[in-house]
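Student: Here the protein sequences come in this chain order: A and B. Numbering-wise (the working numbering), the first sequence opens with residue 286 and increments by one. Numbering-wise (the working numbering), the second sequence opens with residue 286 and increments by one. All C-beta atoms in this analysis are idealised placements derived from N, C-alpha and C, irrespective of residue type, glycine included.
Protein chains: 2
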Amino acid sequence: MELNEKQIHILLVAEKLIAESGFDGASVRKIAKAAKVNVAMISYYFGSKEKLLSALMTYRTSDFRIKAESVLSENSSYLERVDLLIALVIKRIHANRRMYKIVHFEYSNENRKLDVEHYVNQKLENYSVIENFIKAGQEAGVFTKNVDISLIFPTILGTYFNFYYNKPFFKVIHHLDNANDLDDFVFNTLTKHVQKTIKALLTYEI
Amino acid sequence: MELNEKQIHILLVAEKLIAESGFDGASVRKIAKAAKVNVAMISYYFGSKEKLLSALMTYRTSDFRIKAESVLSENSSYLERVDLLIALVIKRIHANRRMYKIVHFEYSNENRKLDVEHYVNQKLENYSVIENFIKAGQEAGVFTKNVDISLIFPTILGTYFNFYYNKPFFKVIHHLDNANDLDDFVFNTLTKHVQKTIKALLTYEI
DNA sequence: AAATATTAAACAAACGTTTAATTTAAACAA
DNA sequence: TTGTTTAAATTAAACGTTTGTTTAATATTT
Numbered sequence: 286m287e288l289n290e291k292q293i294h295i296l297l298v299a300e301k302l303i304a305e306s307g308f309d310g311a312s313v314r315k316i317a318k319a320a321k322v323n324v325a326m327i328s329y330y331f332g333s334k335e336k337l338l339s340a341l342m343t344y345r346t347s348d349f350r351i352k353a354e355s356v357l358s359e360n361s362s363y364l365e366r367v368d369l370l371i372a373l374v375i376k377r378i379h380a381n382r383r384m385y386k387i388v389h390f391e392y393s394n395e396n397r398k399l400d401v402e403h404y405v406n407q408k409l410e411n412y413s414v415i416e417n418f419i420k421a422g423q424e425a426g427v428f429t430k431n432v433d434i435s436l437i438f439p440t441i442l443g444t445y446f447n448f449y450y451n452k453p454f455f456k457v458i459h460h461l462d463n464a465n466d467l468d469d470f471v472f473n474t475l476t477k478h479v480q481k482t483i484k485a486l487l488t489y490e491i
Numbered sequence: 286m287e288l289n290e291k292q293i294h295i296l297l298v299a300e301k302l303i304a305e306s307g308f309d310g311a312s313v314r315k316i317a318k319a320a321k322v323n324v325a326m327i328s329y330y331f332g333s334k335e336k337l338l339s340a341l342m343t344y345r346t347s348d349f350r351i352k353a354e355s356v357l358s359e360n361s362s363y364l365e366r367v368d369l370l371i372a373l374v375i376k377r378i379h380a381n382r383r384m385y386k387i388v389h390f391e392y393s394n395e396n397r398k399l400d401v402e403h404y405v406n407q408k409l410e411n412y413s414v415i416e417n418f419i420k421a422g423q424e425a426g427v428f429t430k431n432v433d434i435s436l437i438f439p440t441i442l443g444t445y446f447n448f449y450y451n452k453p454f455f456k457v458i459h460h461l462d463n464a465n466d467l468d469d470f471v472f473n474t475l476t477k478h479v480q481k482t483i484k485a486l487l488t489y490e491i
């Protein structure tokens, strides 16, 4: 689907509102008003509100696999590449956290008829990239073998999102008063924690 | 607020529907129909739909404290107690996953005016229990010291919820066709993965 | 002149809530 | 136990809004 500038503008406004208020909470009138277009333009451009969400997902569904592949094929040690991959992943999900929140919520919403298959296929592709890397590291004797590879990404992403979904709590205990403090915490403290966790897991005997 | 049996019944039905469809997606009529009561009973008993959500949160978060003290004071090694604690925590969040999902999404919904403070206070209480345990283990020389204690729970809970929020993907790669398979996966594979991850993290040198 | 974009107005359906009438349950005195 | 009174529970119907979408007219580009 070809998207012109105005359509992309509407999608980005919609993404913000849907992440803030949920799909049902973000009415087409609110989206149209925030994007400064007429209500009818949403139906005109996307067909329906549901199709707007699908368009947003497709638009955001992205080039992650390519970037991960390039990082993993770098000429450095396995553990260094783990660090690089995790830093990349956290940077990406932090930048796209609104979209991920929508995915988490709307893909498990029984009323929504979204293209789950496309999303699953996307994840399967990404998964195989990681799987190959881990298995290569195991063959090289760097990583231990009794690891559930499918749960490594949930641990990486989950740590970030559990932080994100409990922001009020972490704001208190780490004094994260503004957006800058929060970004710093994510890119330093949290990233280091996850890097350490995964490296520990991948080298932990028994 | 005193709750009679019928009110609790309505709350539990509402919890299921809100977790499945979101607060805006779960209309009072759907809730009333599923609970087999007249629509007016929701206003009659709770005042409004928003107040029903508040009542649900109060009902659920009042006994939120992880009864971890008994597990952590058992007469076993630090690493064994880590295993016990994680198994307990995963069991609890799996049983209360619907409520957690509502918390994750509705507490960060800008249209909702929920009492965040009560929830944060609960989390702070739970946090201090874990913090004391980890520090004791560090003093005993079992756990390493350069760990961000505040991020241990996000890693535990996050791994579970990232699995839960991406169920369609995991159903495919692990052939989790029914609820039983899913429970088994959570209580065996996923629990073991988290136990191993946290033990590795807590004993990982640099 | 033809195609595309934009608009205000209207549509039926669904929303949360309130009303007023009725049924059920509890309390009490005879 | 009985009939009566009072309060609580339950109901169908209606309320005014808001919802997503469509229409038909107008404006703008091509």
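Is DSSP giving Lys430 (chain A) helix, strand or coil here?
Tutor: coil
Student: Between the segment 368 to 375 of chain B and the segment 431 to 450 of chain B, do at least 3 Cβ pairs fall closer than 8 Å?
Tutor: yes
Student: Ordered along the chain, which non-local residues of its own chain (more than five positions away) have a Cβ less than 7 Å from that of Leu461 (chain B)?
Tutor: So the qualifying residues of the chain are Phe455, Leu467 and Phe470.
Student: Counting only Cβ-Cβ distances shorter than 9 Å, please list the residues of the segment 438 to 464 of chain B near chain A, keeping chain order.
Tutor: Phe438, Pro439, Thr440, Ile441, Leu442, Gly443, Thr444, Tyr445, Phe446, Asn447, Phe448, Tyr449, Tyr450, Asn451, Lys452, Pro453, Phe454, Phe455, Lys456, Val457, Ile458 and His459
Student: How many Å lie between Val401 (chain A) and Arg382 (chain B) at the Cα?
Tutor: Each residue's Cα considered, the two are about 21 Å apart.
Student: For Lys334 (chain B), would you say it is in contact with chain A, using Cβ-to-Cβ distances shorter than 8 Å as the test?
Tutor: no
Student: Comparing the C-beta of Lys481 (chain A) with each C-beta of chain B, is any distance below 8 Å?
Tutor: yes
Student: By the 10 Å Cβ neighbour count, where 16 or more other Cβ atoms means buried, how is Tyr449 (chain A) classified, buried or exposed?
Tutor: buried
Student: Going by other Cβ atoms of all chains shown within 10 Å of its Cβ, with 16 needed for buried, is Glu359 (chain B) buried or exposed?
Tutor: Residue environment for Glu359 (chain B): exposed (fewer than 16 other C-beta atoms within 10 angstroms of its C-beta).
Student: Using a C-beta cutoff of 8 Å, does Gly426 (chain B) count as contacting chain A?
Tutor: no
Student: Just to confirm, are Arg350 (chain B) and Met384 (chain B) a CB contact at a threshold of 8 Å?
Tutor: no
Student: Helix, strand or coil, according to DSSP, for Ala325 (chain B) in the structure here?
Tutor: helix
Student: State yes or no: is the beta carbon of Leu365 (chain B) nearer than 8 Å to at least one beta carbon in chain A?
Tutor: First, the amino acid is wrong: residue 365 (chain B) is Glu here, not Leu. With 8 Å as the cut-off, Glu365 (chain B) does not count as an interface residue toward chain A.
Student: So Leu232 (chain A) packs on Ala421 (chain B), CB below 8 Å; how close in whole Å?
Tutor: A question about residue 232 (chain A) goes unanswered here, because the residues of chain A that appear run from 286 up to 491.
Student: Exposed or buried, which one is Ser306 (chain B) when buried takes at least 16 other CB atoms within 10 Å?
Tutor: buried
Student: Could you work out which residues of chain B lie near Val313 (chain A), taking near to mean beta carbons separated by less than 9 Å?
Tutor: Near Val313 (chain A) there are no residues of chain B at all, since even the closest Cβ is about 14 Å away, more than 9 Å.
Student: What does Tyr489 (chain A) touch in chain B if you count any residue whose Cβ is under 9 Å from its own?
Tutor: Lys481, Thr482, Lys484, Ala485, Leu486, Thr488 and Tyr489
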